[in-house]
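A.B. asks: Per full-length UniProt numbering, numbering through the sequence shown is continuous, rising by one, with the last residue being 681. Ideal placement from N, C-alpha and C gives every residue a C-beta, glycine not left out.
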Amino acid sequence: MPKAPPIPKRTDSLPSGTHQSPPIPPAPIKKVLASHKSRVFWEAYNSKSRLSGHSHGHFHIHSHSHSHNHSHSPRKMSQETGEHIPANTSNTHGGNHDVPSVPYNYEMKTLFRDNFKTLYEFYESEKLCDVEIIVNKRSFRCHKMVLACCSLYFRAMFMSEMAESKQDMITIHDIDESAMEKLIKFAYTSKIVLTVENVQPILFASSILQIETVAGACCDFMKTHLHPSNCIDVRNFAEQHNRVELMRMADDYILDHFMDIKETEEFKSMSYKLILHAVSSQELHVDSESQVYEAVIKWIKHNPSERIIHLTPLLTMIKFPLISPTYLMEKVESETIVKSNLECRDLLDEAKYYQMSIANLVPDFKVNQRTRPRKSYAGVLFCVGGRGSSGDPFKSIECYDPRKNKWFQVAEMNTRRRHVGVCSANGVLYAVGGHDGTEHLNSGEVFDPKTNQWKHIAPMGTLRRGIALASLGGPIYAVGGLDDSTCFNSVERYDPAADVWTFVASMNTPRGGVGVAALKGQLYALGGNDGTSSLDRCERYDPFVNKWTSISNMKKRRAGAGVAVLDGSIYVVGGFDDNSPLDSMEKYDFNTDTWTVLAKMSTCRGGVGVGTLGGFLYAVGGHDGSNYLNSVEAYDPITNSWEAVKSIQQFRAGAGVAYCECSAKHLRHIVRGHVEQLQCV
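#1: Can you pull the DSSP bridge partners for Val432?
#2: Around the Cβ of Arg672, are there at least 16 other Cβ atoms within 10 angstroms (buried) or fewer (exposed)?
#3: Pairing CB atoms from the segment 416-436 with CB atoms from the segment 293-310, are three or more of them under 8 Å?
#4: Kindly indicate which three-state DSSP category Gly53 falls into: helix, strand or coil?
#5: Which residues does DSSP list as the beta-bridge partners of Ser101?
#6: So what does Phe651 bridge to, in DSSP terms?
#7: Please go through the same chain and pick out, in chain order, the residues whose beta-carbon is closer than 6 Å to the beta-carbon of Ser631, but skip the five residues on each side of it.
#8: Ignoring anything shorter than 3 residues or poking outside the segment 543-599, list the beta strand (DSSP E) runs there in chain order.
#9: Tell me Ser534's beta-bridge partners as DSSP assigns them.
#10: Using 8 Å as the limit for Cβ to Cβ distance, is Gly625 near chain D?
#11: Would you mind giving the Cβ-Cβ distance between Gly531 and Arg558, rounded to the nearest angstrom? I have them listed as a contact below 8 Å.
#12: Quick check on this structure: which residue in Val516, Val446, Lys455 has the alpha carbon closest to the alpha carbon of Ile479?
#13: Note down the Cα distance separating Gly611 from Asn303, rounded to an integer number of angstroms.
#14: Given this structure, state the Cα-to-Cα distance separating Gly206 from Ala215, to the nearest angstrom.
#15: Is Lys395 helix, strand or coil by DSSP?
#16: Between Glu439 and Met460, which are expected to be in contact by the criterion C-beta below 8 Å, what is the C-beta distance as a whole number of angstroms?
#17: Does the segment 340-353 come into contact with the segment 250-258, if we say contact requires no fewer than three beta-carbon pairs (one atom in each stretch) closer than 8 Å?
#18: Count the other C-beta atoms from every protein chain shown that fall within 10 angstroms of the C-beta of Val244, then say buried if there are 16 or more, exposed otherwise.
#19: I need the straight-line Cα distance from Glu643 to Ile133, nearest angstrom please.
#20: Using the rule of at least 16 other Cβ atoms within 10 Å of the residue's Cβ for burial, across every protein chain shown, is Gly391 buried or exposed?
#21: Taking the alpha helix (DSSP H) that Asp220 belongs to, which residues open and close that run?
#22: Taking contact to mean at least 3 C-beta pairs separated by less than 8 Å, is the segment 493-508 in contact with the segment 560-570?
#23: Could you tell me whether the Cβ atoms of Ala425 and Ile358 are closer together than 8 Å?
#24: In whole angstroms, give me the CA-to-CA distance for Leu598 and Tyr635.
#25: For Met317, which three-state DSSP category applies?
#26: What does DSSP give as the partner residue(s) for Ile133 in the beta ladder?
#27: If you drop the 5 nearest sequence neighbours on each side, which residues of the same chain put their C-beta closer than 6 Å to that of Ser396?
#28: Please state whether the Cβ-Cβ distance between Phe651 and Leu617 is less than 8 Å.
#29: Using a Cβ-Cβ cut-off of 7 Å (strictly less than) and excluding sequence neighbours within five positions of Lys298, which residues of its own chain qualify?
#30: Here's the rule: buried if 16 or more other CB atoms are within 10 angstroms of the residue's CB, otherwise exposed. What is Tyr541?
#31: Does the Cβ-Cβ distance between Gly434 and His419 come in under 8 Å?
#32: Helix, strand or coil: which one does DSSP assign to Ile323?
#33: By DSSP, does Met77 sit in helix, in strand, or in coil?
#34: If you draw a straight line from the alpha carbon of Lys273 to that of Cys660, how long is it in whole angstroms?
#35: Taking the alpha helix (DSSP H) that Ile254 belongs to, which residues open and close that run?
#36: Hey, could you find the ends of the beta strand (DSSP E) Lys455 is sitting in?
What follows is the structure, given as structure tokens:
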């Protein structure tokens, strides 16, 4: 092959007929690096071009020399970019010596993964390791940089003035060697396998070494593997290691599964602090209060010599007033450790007095936390029908679960109903009368929570809306109401067994939008509108003499108010004084025939639905004078205060609200089953 011509020298061996190019002016200080890079590139490129006689690669120089009397053009330095540009010697040749400079951004997306894969190979082969971790009798040769990147513990150790930062052998105490090995491998691979057997030692080790990602994964794993047989241990472990979220989850699990937990061996070793927390909680999930009593006695008897000192504080948390008199007499009073304790006997006396008060045998009992049922057996609250801003009445029914503070839909009624009468009796819910958007109704239907189904019942004798419904013993009473021309004073009584309505004595005053309550064997009709104005007048019906008698007037005139009975008193909430919505509430005392004004709601509510649940009074929806409402407030009679709770899903007024003694959990299950059946169809 012919040899390439020698590269001409620039200064002392120039070819004949050429002139020496002027020296390249020095670049400014700020451009040194850029100019150096360009010069190296172009010198190498031009050298190669002169050797080969043509250009290579993606870069091309287009030369249009017309005379051998000209050498390569002198170069200039751009003051803006620091790159070399051809000298502007002449435009007569028509040449363009500028080469565009386009940045090329290169990223190797697998670099970190590949590098850590290599580091892990170095770890396994013990190459380039600069520290040795000793755990018990195991030794792990590692790289400080990798450990420091993953663990705040090692980062602080290696980057501080601690003696260990200069040592190549470090001993770690109180950590399981298998857990340590898995955490070291995690630092190199980002992978770790958690099992029921290893999760606790790994959580302990990751907490010590401050590897929070692994500690969090351990907590998540343990949350999903909670079981009646391990939840107490998990809760104690979480408390020891200050894992607040895991501890909260374990606490909730214990409350939700208390009935199963009390049958395990683990329950017997439950700490006093933990069992006290459980039995004092309104969230404790039991079917009846007697089950709580049985759990406490079982726990005490497992180690009576040490635990008997905890008997009184634990029994104080049991709601004896809500346990049946038969159970109290046969099971509680006969228990040796109970009847020998004076404080416990006082609790039983309180329970008996409360139950006699409910039976009207003694004056009313002052309520306390022991008379307030736990949410699990408190029942549910139904919000039935009504109407919203569209004006169309609703078929829909919403059900409130106090344990979850949520409303959920159940089966719709067969008929749309606004200003409907609603009450519960014998575990079912009745909806009667109202208006369907076209005409007034006399029809009725009954909802069974056990089946999530509505069924028609016999119609009333009168078409009416704005009626009130109440159960007095067995029969259901439909009171007052109105149509487009008349406010009614008539009252009808429904016999559920015979499915028949009959008229009883009429009220003294016509009342549309009336509120009704059943208390101590009598029926109370409160307020309403007589066709002229809202009323403050009230009257009482005695079914034994079939007669209505006036009682004290309320403090405010009210129509479309919500009415409910709680702890032996009648509460009247909101309503309209003619066209003005009210936020006030008052309570009627049966013994003194007097009304007392109580705390106001946060919002005016006319056409509000009111019901009681778990010792609280709930005001649901209504109209504030401008808008339909979906907000809900709960009143606590112990503190005389209102608190907002979860809103209903639809804005509505003129709905019926009633408590029903059924399980929200069971009802959710039934509803979910019906939805799944419909989806299959």
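C.D. replies: Here's the rundown:
#1: Numbered from 1 along the sequence shown, position 432 holds the residue referred to as residue 432. Paired residue(s): Gly421, Gly444.
#2: The sequence position of residue 672 within the sequence shown is 672, counting from 1. By the 10 Å Cβ count, Arg672 comes out exposed.
#3: Segments in contact, no.
#4: Reading the sequence shown from its first residue, position 53 is the one you call residue 53. Note that Gly53 scores a pLDDT of 43, beneath 50, so its modelled location is shaky and nothing firm can be said.
#5: Taking the first residue of the sequence shown as position 1, residue 101 is located at position 101. In the DSSP assignment, no residue is bridged to Ser101.
#6: Position 651 of the sequence shown holds residue 651. DSSP lists no partner for Phe651.
#7: Within the sequence shown, residue 631 is the residue found at index 631, counting from 1. Within the same chain, Ser631 has close Cβ partners Ser647.
#8: List check, beta strand (DSSP E) in window: 547-551, 562-566, 569-573, 585-589, 594-597.
#9: Locating residue 534 in the sequence shown gives position 534, counting from the first residue. Looking at the DSSP assignment, Ser534 forms a beta bridge with Asn529.
#10: The question asks about chain D, but that chain is absent: this structure has only one protein chain.
#11: Taking the sequence shown and counting its residues from 1, one reaches residue 531 at position 531. Taking the sequence shown and counting its residues from 1, one reaches residue 558 at position 558. Actually they do not touch by this definition, with Cβ atoms about 16 Å apart.
#12: The residue given as residue 479 occupies position 479 in the sequence shown. Before going on, a small fix: residue 479 reads as Val here, not Ile. Proximity to Val479 across Val516, Val446, Lys455 peaks at Val516, based on C-alpha coordinates.
#13: Your numbering for residue 611 matches position 611 in the sequence shown. Your numbering for residue 303 matches position 303 in the sequence shown. Going by the C-alpha atoms only, they are around 45 Å apart.
#14: Along the sequence shown, one-based indexing puts residue 206 at 206. Along the sequence shown, one-based indexing puts residue 215 at 215. The amino acid at residue 206 is misidentified as Gly; the sequence shows Ser. One C-alpha to the other measures close to 6 Å.
#15: Counting from one through the sequence shown, the residue named residue 395 turns up at place 395. When DSSP states are grouped into helix, strand and coil, Lys395 belongs to the coil group.
#16: Taking the sequence shown and counting its residues from 1, one reaches residue 439 at position 439. Taking the sequence shown and counting its residues from 1, one reaches residue 460 at position 460. Not a contact, Cβ separation roughly 14 Å.
#17: Judged by Cβ distances under 8 Å, the segment 340-353 makes no contact with the segment 250-258, as fewer than three pairs qualify.
#18: One-based indexing of the sequence shown puts residue 244 at position 244. Per the 10 Å Cβ criterion, exposed.
#19: In the sequence shown, the residue the question calls residue 643 occupies position 643. In the sequence shown, the residue the question calls residue 133 occupies position 133. The alpha-carbon atoms of Glu643 and Ile133 are separated by roughly 57 Å.
#20: Start at 1 with the first residue of the sequence shown, and residue 391 comes out as number 391. So Gly391 counts as exposed.
#21: On the sequence shown, residue 220 is found 220 positions in, with the first residue counted as 1. Segment 212-224, the alpha helix (DSSP H) holding Asp220.
#22: Taking 8 Å as the limit for Cβ pairs, the verdict is that the segment 560-570 does not touch the segment 493-508.
#23: Counted from its first residue, the sequence shown places residue 425 at position 425. Counted from its first residue, the sequence shown places residue 358 at position 358. Not closer than 8 Å, so no.
#24: Locating residue 598 in the sequence shown gives position 598, where the first residue counts as 1. Locating residue 635 in the sequence shown gives position 635, where the first residue counts as 1. In this structure, the straight-line span from the alpha carbon of Leu598 to that of Tyr635 is close to 10 Å.
#25: Taking the first residue of the sequence shown as 1, we reach residue 317 at position 317. Three-state DSSP puts Met317 in coil, outside helix and strand.
#26: Position 133 of the sequence shown, counted from the first residue, corresponds to residue 133. The secondary-structure analysis by DSSP pairs Ile133 across a beta bridge with Phe140, Ile170.
#27: Counting from 1 along the sequence shown, the entry for residue 396 is found at position 396. Exclusion of the five residues before and after Ser396 leaves Glu412 as the residues of its chain whose Cβ lies within less than 6 Å of its Cβ.
#28: What you label residue 651 is simply residue 651 of the sequence shown in a count that begins at 1. What you label residue 617 is simply residue 617 of the sequence shown in a count that begins at 1. In this structure, the beta-carbon distance from Phe651 to Leu617 does not fall below 8 Å.
#29: What you label residue 298 is simply residue 298 of the sequence shown in a count that begins at 1. Only Lys262 meet the Cβ criterion.
#30: Taking the sequence shown and counting its residues from 1, one reaches residue 541 at position 541. Its Cβ being crowded by 16 or more others within 10 Å, Tyr541 is buried.
#31: Within the sequence shown, the letter at position 434 stands for residue 434. Within the sequence shown, the letter at position 419 stands for residue 419. Yes, they are a contact pair.
#32: Position 323 of the sequence shown holds residue 323. Three-state DSSP puts Ile323 in coil, outside helix and strand.
#33: Counted from its first residue, the sequence shown places residue 77 at position 77. Residue placement at Met77 is flagged as unreliable, the pLDDT there being 40, under the threshold of 50; the coordinate-derived value follows with that caveat. Strand.
#34: Within the sequence shown, the letter at position 273 stands for residue 273. Within the sequence shown, the letter at position 660 stands for residue 660. Going by the C-alpha atoms only, they are around 34 Å apart.
#35: The residue you call residue 254 lines up with position 254 of the sequence shown. For Ile254, the enclosing alpha helix (DSSP H) starts and ends at 244-256.
#36: Numbered from 1 along the sequence shown, position 455 holds the residue referred to as residue 455. Segment 453-457, the beta strand (DSSP E) holding Lys455.
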